[in-house]
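Chains as they are written, first to last, in our numbering: chain A, 13 to 334; chain B, 13 to 334; chain C, 13 to 334; chain D, 13 to 334; chain E, 13 to 334. Worksheet for the structure shown next.
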Amino acid sequence: MLINCVAYQQGTKLADMPVVQIADYLHRPECFVWVALKDATDAELLEMQAQFGLHELAVEDARHGHQRPKIEEYGDTVFTVMHTIEFSPTDEVRAGEVCVFVGHNFVLSVRNRCTQGFLGVRERAEREPHLLRHGSSFVFYALMDAVVDRYFPVIDMMEQELEGIEDKIFEPGSAKQNIERLYALKRRVGVVRHAVVPLMEATSKLYGGRVPQVCERSQDYFRDVYDHLVRCNATLDGLRDTIGTAIQVNLSMVTIDESENTKRLAAWAGIFAVATFFVGVWGMNFEHMPELKWAYGYPMAFAVIGAVCGLMYWRFRKAGWL
Amino acid sequence: MLINCVAYQQGTKLADMPVVQIADYLHRPECFVWVALKDATDAELLEMQAQFGLHELAVEDARHGHQRPKIEEYGDTVFTVMHTIEFSPTDEVRAGEVCVFVGHNFVLSVRNRCTQGFLGVRERAEREPHLLRHGSSFVFYALMDAVVDRYFPVIDMMEQELEGIEDKIFEPGSAKQNIERLYALKRRVGVVRHAVVPLMEATSKLYGGRVPQVCERSQDYFRDVYDHLVRCNATLDGLRDTIGTAIQVNLSMVTIDESENTKRLAAWAGIFAVATFFVGVWGMNFEHMPELKWAYGYPMAFAVIGAVCGLMYWRFRKAGWL
Amino acid sequence: MLINCVAYQQGTKLADMPVVQIADYLHRPECFVWVALKDATDAELLEMQAQFGLHELAVEDARHGHQRPKIEEYGDTVFTVMHTIEFSPTDEVRAGEVCVFVGHNFVLSVRNRCTQGFLGVRERAEREPHLLRHGSSFVFYALMDAVVDRYFPVIDMMEQELEGIEDKIFEPGSAKQNIERLYALKRRVGVVRHAVVPLMEATSKLYGGRVPQVCERSQDYFRDVYDHLVRCNATLDGLRDTIGTAIQVNLSMVTIDESENTKRLAAWAGIFAVATFFVGVWGMNFEHMPELKWAYGYPMAFAVIGAVCGLMYWRFRKAGWL
Amino acid sequence: MLINCVAYQQGTKLADMPVVQIADYLHRPECFVWVALKDATDAELLEMQAQFGLHELAVEDARHGHQRPKIEEYGDTVFTVMHTIEFSPTDEVRAGEVCVFVGHNFVLSVRNRCTQGFLGVRERAEREPHLLRHGSSFVFYALMDAVVDRYFPVIDMMEQELEGIEDKIFEPGSAKQNIERLYALKRRVGVVRHAVVPLMEATSKLYGGRVPQVCERSQDYFRDVYDHLVRCNATLDGLRDTIGTAIQVNLSMVTIDESENTKRLAAWAGIFAVATFFVGVWGMNFEHMPELKWAYGYPMAFAVIGAVCGLMYWRFRKAGWL
Amino acid sequence: MLINCVAYQQGTKLADMPVVQIADYLHRPECFVWVALKDATDAELLEMQAQFGLHELAVEDARHGHQRPKIEEYGDTVFTVMHTIEFSPTDEVRAGEVCVFVGHNFVLSVRNRCTQGFLGVRERAEREPHLLRHGSSFVFYALMDAVVDRYFPVIDMMEQELEGIEDKIFEPGSAKQNIERLYALKRRVGVVRHAVVPLMEATSKLYGGRVPQVCERSQDYFRDVYDHLVRCNATLDGLRDTIGTAIQVNLSMVTIDESENTKRLAAWAGIFAVATFFVGVWGMNFEHMPELKWAYGYPMAFAVIGAVCGLMYWRFRKAGWL
């Protein structure tokens, strides 16, 4: 589905136009065309391939989707795949895909399985003509920046989730729930890492050494994006590491709790075993058991049992078992 | 066993021919020969060595089999070993082997322990003469692409298997089965990784920097194969990581379950120990136990036991042990 | 908030001045201006940007805060983010931020969320005019050195904390507390690592190979800072590794303790089960149980029970269970 | 002990000779001397040092033994240390050592703590004069190849051992034995890894980039050895990884088994506790317990106990505890 | 404290002299001065700094101590920090420090917290004038070699300690002691690693590529030291890995032991529960229990109980629980 198709010259919008007129603008000097598609059909992609002369393999990647984030050069064109990260209505983390083709006189973005659009990027770009004048590479930067900026709230929420779990990790009784949440969190971190790490590696080639010609004028900006991705990555690594430790610690807490319960139970079991032994003694049928005939034998029996069990209780208490 | 032996010129099939005529075609300009063997005998390999002037060490590798995936240059010839991954009838993952020798005027593929053939590759290539015109390097690409494309369904099935296990991981009672399945899955991931990782490393040398001369014209295509392998590898790494966590989590769940069972049992044991103590008390043989003579002593005994045990039950319930 | 704004020439202080006069000093030869801000407002930062011609992206980073430590070049200016580490009143480790802009004729430092200032650095620098003569790069070094030197006491305290835990790790009964402390310590190590590791990587580019021009004259000094950071990092790695092992060992100790308790309890349970069996025997109602009529049947019963239980006690003792 | 001392010219054997004549052959064109020592004495090594002009440090390494595998250049001479792996009579894996000095006109091999010799290598080399003509570098290759080829059967046996353990890993009752075997296997893998990994790294410098002059003509052959070592290494890595998982899984199985036993026991304990409670009830001495006087009271008691216990048995069965 | 101050010319000792005369010898051709200090005071270090023109930062490092092992160049001078490893009287591993300054005409060594001296090095060097003629770099090598050679016996003792633990790891009852020893051993390995790893990395820059000028003539010797350090490092890595596995295995053994004890106890508990049930049966007070009146009822009861318990014992035995 076509979202937008606009030509820009020296930082200002020239015209909103139908796709068929693209070719008219491509050869004007200082002019570039910015096309945005959403869930593009095969036909749309083929038309774009024809208009911009895109490489067959890149178009195939955009059509199939489910690519790893990457930045590839095909001749003068740069082809980029980025993952978007959104929360689904059921609070699950879901990855969408944005493919961007950048030439010196065009930018084509195709987004798939991704509810949020990039209209904000276009508006921001149009409000800043002095930056938009940098041409297609600035648009490319603005799109990357928008995608990457949306990672931060997701990562923040995962950090909060982890802190929420940590508050409960030393509380007895919540171990099972903790472990389920930690496992789910780890999987979510995995999804975001799959978006961040390959893009970070790819972005590191957009500044410094040999840079694709089309991106050369915006190197400082791409370094800024790279820096954001490095930051994401560091936070994700910290999350992973802490989740791993938390799972281990949680297991330890279960074992410690069980150990304490075992001791408490054992203490009570011991006290009752002794009491049962005593009542068994006076339930024996020997003829010559003088205490059975005493007037106060029965209360005495309770007194003895009470005294012994009390002593045991006190000793277990002192040993920290009760 | 010889499967095919065909000469191509400028992208179109010249002739199906016996092996002995290969030499006639090798020196024609713009012409190359594509030979496919299956479970080749030593004699066949020696004949091929003579026809194409293959290096002794490469031929030995093809004969012995059980090589690691690799890409080696011997003079102008590129020698490649790839692993194929198939499901055996008993649903086991099984690795076969495809060796490919590529020169500027020939392609020789030898497949071993691998039921599925590569006729589809040949048909596809013959249908696209404009690509086949690239010569032997395009055939080489097409074979690699076919081998690598067959990794994806296997990896998908392993991901589904993992999801199946994950659905059960927090269910009590399936721990043993989970752990068996996780272990088997981990081994299968290992088999596929042995196919993917070395091939990925080797393929990275077919584009970009110094590339074997015979592959130079198809660099974009090899980068595409490399990209597929990187994607496989990322998925496999994710699988490995998740399996490791799942094994750990599964162990935690067993411990948690056991801990809960212990508590429940202990609670019941405590209740019965108390009841047994009480019936023991009234089984004692003291002469002066007035309640034994009461008309309603017996039901009172039950009432007392019931009250005490009921109280205990209620407290254990409140503590979450029952 | 402006803390200081001073111009220096050839190592000696020229004048304390208001911000508006900065431009007067920037073009004098051998002269540089050193400005220190604290929790700078947007207006202050914009003024500085104007005065020193700072790059928009760098200023934005300084304004937003929460950056990773890094050293970036924007033209002739070096922009550095460092983390300060302080103990909060509640003994928590807290990270603040110091941003430093260094040009050949100015140094601007902005510190955020950081109670301790850097007046000591300025005083030390003014006392050593032969070093201050090196210009802005020496001030830059002195600031880095001050930040990094403050890491050491924090790391030392964490090492002492770990030693304190280690003293208790083989003591029964403190497992739960140990694991809580180890977990908290691990998180604190993580905070410090986030300050140290990226700064170490960045600092390694300030000596040896291609060095930003403004830092060239103080390479030996930056190598010294780098060396301090490597030392911090090595200690932190050691801490992390030891904490991991300690968590594992702590879990082992819990399991071993539980195993020993289980044995001790089992032994006592066994002894009482046997005693209870015996009193049950003589509580049976058979008519022909001759020992029930013996004069010394009752004490004999105790003697038998005592003998059997004593024997059991002795054997359990020998086996190390009691 | 001197094993052999032979001169070769253009691929054919010139003469078997005493050590003192070595110098006569060293300066003939196209000629080289191949000397093999076993458990060499200091005197023999000093003589060799004098004959071939070996570097003092290399000779010292050969004398002391217990080196890591390595390949070092001393001027024109290449000094190599390799580990041999053999099974001792008690089925233990044992490492020996082979030191090889290679110059353009000599090869000197010294083997220590290693029962199997390398006569086969010499015979094979003499049977293939066209290869032996390559000179000392071919002999060097042949020795490396022989050492490396002997790693494979050892690694295969370790893989079989692991498969043997895996067959038992999910069987209850063999956990202790499994863990002992896994531990022993891991140590053996360690021994072989110490032989393989450093040699692999060293061998990678015998082909491709800058290669010691004496090895230049046999680069393809050294790459083949390297490839074998990479294969060994991959298998060893797989073994290590699987052993680690197997130890973890084995521990899980023990915990699962214990958990199941606990449940089964708890179920039986519960059933008997209930039965014991009932018999205790009818053992109470209340005067007014009408059922005690019933003619069929006794069988009725059994019926009640049987019914209750049967019900419990059935419920435990359904819950999978019995 | 000054230990020695000697001038050498062309490999032979010129004179033992007071510190103040150093300057007289520094400018003689082919002459160098070798000074050894122990636990140097600030005054001594300042004097040395003046005599040899040492860099302020290096001197500060030597004064403060507690550096990481490193090799740094300050102009023509090489500054090295190495750790010595010694056993303390209480068998603890203790690290000391040796700082060495090397110029083309002097060597200054300062050792701190280190009981063993380096007189042996001086004696050996003086006995070998042909090597000492190499000048200060040979002395530097000899000092490094002496420090590194002292690592080996320490590492050997740690390997023996580990073997001692391994002998006990599958013995029941020693788990607690094993884990304490393993933990202590791991910490000791850590101390030695801190000495070895950074020195190894630093030493790798003393041969091969760009080498500090003062070390150029002794490259083969520094490679030998490097090789020793690599060997140390490999052994330490092996130790670490094995300790990790041993801790894990030890935990498994505890769990397995506990599991076996649980089964044994459960079996006995079951047998006694049944016996207690039976004696309870015949302790019931029903009027119509014919067996109570039988002449042989009592022995029959024992026979029944004995038979049932015997059967249970036999079945538990067969199942391997007893």
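Note that CB positions come from ideal geometry on N, CA and C, so glycine has one too.
Could you check whether the Cβ of residue 295/E sits closer than 8 angstroms to any Cβ belonging to chain D? yes
If the cut-off is 9 angstroms on Cβ atoms, which residues from the segment 209–236 of chain C count as contacting chain A, listed in chain order? 209 and 210
Contact with chain C by residue 250/A, beta-carbon distance below 8 angstroms: yes
Where does residue 22/D fall in DSSP's three states? coil
Bridge partners - residue 85/E, DSSP secondary structure assignment: 90/E
For residue 198/C, the first and last residue of its enclosing alpha helix (DSSP H): 187–215
If you check the beta carbons only, do residue 227/E and residue 149/E fall under 8 angstroms apart? yes
Does DSSP put residue 28/A in a helix, in a strand, or in coil? strand
At 9 angstroms on the CB atoms, spell out the chain B contacts of residue 148/D, in chain order. Residues of chain B passing the Cβ test: none, with the nearest at roughly 20 angstroms.
With distances taken between CB atoms, is the gap from residue 49/D to residue 26/D smaller than 8 angstroms? no
At least one CB of chain B closer than 8 angstroms to the CB of residue 307/A: is that the case? yes
Listed by chain order, chain E residues near residue 310/D by CB distance under 7 angstroms: 298, 300 and 301
Measure the Cβ-Cβ separation of residue 145/A and residue 16/A and say whether it is below 8 angstroms. no
Shorter than 8 angstroms from the beta carbon of residue 110/C to some beta carbon of chain E? no
Taking only runs that begin and end inside the segment 22–76 of chain C, name each unbroken alpha helix (DSSP H) of 4 or more residues, in chain order. 34–38, 54–64 and 68–76
Considering only residues of the segment 127–162 of chain E, which uninterrupted alpha helix (DSSP H) runs meet the minimum length of 4 residues and lie entirely inside it, listed in chain order? 131–139, 141–144 and 148–161
Residues of the segment 168–188 of chain D in Cβ contact with chain B at a cutoff of 9 angstroms, in chain order, please. 178, 181 and 182
Would a check of beta-carbon distances place residue 11/D closer than 8 angstroms to chain E? Outside the modelled stretch of chain D, which goes from 13 to 334, sits residue 11/D, for which no answer is possible.
Short Cβ contact (8 angstroms threshold) for residue 214/C with residue 97/C: no
Chain E partners of residue 288/D, CB-CB under 8 angstroms? 285, 288, 289 and 292
Can you name the residues that DSSP bridges to residue 107/D? 97/D
Any C-beta of chain A sitting closer than 8 angstroms to the C-beta of residue 58/C? no
Chain-ordered neighbours of residue 198/E on chain D, where CB pairs are closer than 9 angstroms: Ordered by position in chain D, no residue passes the 9 angstroms Cβ test against residue 198/E, which lies about 17 angstroms from the chain.
beta-carbon residue 313/B near the ligand SAH non-hydrogen atom, thresh 7 angstroms: The ligand SAH is not part of the structure shown, which contains no ligands of any sort.
Determine, using beta carbons only, whether residue 313/B and residue 312/D come nearer to each other than 8 angstroms. no
Using 8 angstroms as the limit for Cβ to Cβ distance, is residue 281/C near chain A? yes
How many angstroms separate the CA atom of residue 330/A from the CA atom of residue 192/C? 24 angstroms
For the beta strand (DSSP E) holding residue 120/E, just list the boundary residues, first then last. 118–124
Extent of the continuous alpha helix (DSSP H) to which residue 260/A belongs: 231–293
Bridge partners for residue 113/B per DSSP, in chain order? 91/B and 120/B
At least one CB of chain C closer than 8 angstroms to the CB of residue 202/E: is that the case? yes
Close-in-space but distant-in-sequence residues of the same chain around residue 216/D (CB under 6 angstroms, 5 per side omitted): 238
Which residue or residues does DSSP assign as beta-bridge partners of residue 218/E? Bridge partners of residue 218/E: none, in fact.
Partner residues on chain A for residue 268/B, Cβ-Cβ distance less than 8 angstroms: 187, 188, 191 and 266
Looking only at its own chain, which residues have a Cβ that is under 7 angstroms from the Cβ of residue 254/C, when we skip the five neighbours before and after it? 174
Cα-Cα separation, residue 262/D to residue 183/D: 10 angstroms
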